[in-house]
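Quick notes on the structure that follows.
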Amino acid sequence: MPQVRSNVMKMLNDEVPEDRKITTFQGPYKMECTPYQQLDFTEMTYRKCSEEKINWLKLSKMIIIGDVSVGKTSIVNRFCRKIFDSNYKSTIGVDFEVEKFCILDVPFCLQIWDTAGQERFKSIAQSYYRGAQVILLAFDFTNIKSLCNCRTWLNEALGVSSSLCPFIFLVGTKLDLMSKTIRQNMEKNIMKAAQQLNAEYWAISSKTGKNIDKLFCRIASLCFDNSIRNEFQVKKQIIIGTNLLSSNENANQNFVRKCEGFKCSK
1 MPQVRSNVMK MLNDEVPEDR KITTFQGPYK MECTPYQQLD FTEMTYRKCS EEKINWLKLS
61 KMIIIGDVSV GKTSIVNRFC RKIFDSNYKS TIGVDFEVEK FCILDVPFCL QIWDTAGQER
121 FKSIAQSYYR GAQVILLAFD FTNIKSLCNC RTWLNEALGV SSSLCPFIFL VGTKLDLMSK
181 TIRQNMEKNI MKAAQQLNAE YWAISSKTGK NIDKLFCRIA SLCFDNSIRN EFQVKKQIII
241 GTNLLSSNEN ANQNFVRKCE GFKCSK
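Reminder that position 92 of the sequence shown reads as 92 in the UniProt record's numbering, one-by-one numbering, no gaps.
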């Protein structure tokens, strides 16, 4: 069985493009504007991956939400297909992509759900929010209202998603349309908004591809490490009798450790 598993992993890893093979942890866009201060895989992750004692495939779910025409589909197309089309049609309901990675020689898949921004499709899109480990809030640098609406989008997603502590990213699109001076002047307010949303801030351009790969590698790195930590978290058996109270305390401590390093949004 170990040999079969090894062969399957090798076959999956061979299918992964070189730029999806992650051996070093991707850092944030701006260290001063992220609630996730992690800059490397945990010791547990390195150890478990080297021991090959983990499930052979990891998978996380990501949703991309935001106002209509902020560039949600362009983000997906640039990352998954390496293309940019300024004449795309608006998403109807949701679109779905699966992107393969190889992280520390372990297969990892990121489910990417691209949702519609139109009000008439909102009820359809919300049915796909459940279980998302990552929430990407997209706004348009050239449309400040789309940034203001991110709070509403996040509240709706958190109200539906069953994930206790999803990773939240506030992503400004169409960076290529902004001069450096104007963007720097805007970023003070944008970073303040990110802190209020408890989100990590990124600035990207789907047209040029700037920061797209780094953003998704950052997301994949955080999700992968978190999945390893959750899988191998120490679990105490509840023993009936004198150890019952102690076991409950351990369970509570495990819950706290699950969210260690960032705040949970309610």
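No residue lacks a Cβ here, since even glycine has one placed at the ideal position from N, Cα and C.
On a predicted model such as this, the values are computed, not experimentally measured, just so you know.
If you draw a straight line from the Cα of P28 to the Cα of L57, it comes to about 25 angstroms. The shortest C-alpha to C-alpha distance from T115 to any of L137, G172, D19, A199 is the one to L137. The alpha-carbon of K207 is positioned some 19 angstroms away from that of S146. The three-state secondary structure of F232, taken from DSSP, is coil. Nearest to G172 by C-alpha distance, out of W202, T73, C150, L158, is W202.
It is roughly 10 angstroms from the alpha-carbon of W153 to the alpha-carbon of I64. In this structure, the straight-line span from the alpha carbon of R151 to that of I212 is close to 23 angstroms. When DSSP states are grouped into helix, strand and coil, I190 belongs to the helix group. The three-state reading of DSSP puts D95 in strand, counting E and B together. For Y201, there is no enclosing alpha helix (DSSP H); the enclosing beta strand (DSSP E) has its first and last residue at 200-203. Relative to the Cα of S221, the nearest Cα in the group N189, T42, P35 belongs to T42. Judged by DSSP in its simplified three-state form, Q26 adopts coil rather than helix or strand. Here the region 68-77 does not lie against the region 15-27, with fewer than 3 beta-carbon pairs under 8 angstroms apart. With a cutoff of 9 angstroms on beta-carbon distance, I103 and K21 are scored as near each other.
Ranked by Cα distance from K61, the options N198, E187, K100, M31 are led by K100. Straight-line measurement puts the Cα of S127 at about 28 angstroms from the Cα of S86.
Within the same chain, L137, I168, F169, L170 come within 7 angstroms of A199 by CB-CB distance, once the 5 residues on both sides are set aside. In this structure, the beta-carbon distance from D67 to N143 falls below 9 angstroms. In the DSSP assignment, V134 falls within the unbroken beta strand (DSSP E) covering 134-140. Residue environment for F216: buried (at least 16 other C-beta atoms within 10 angstroms of its C-beta).
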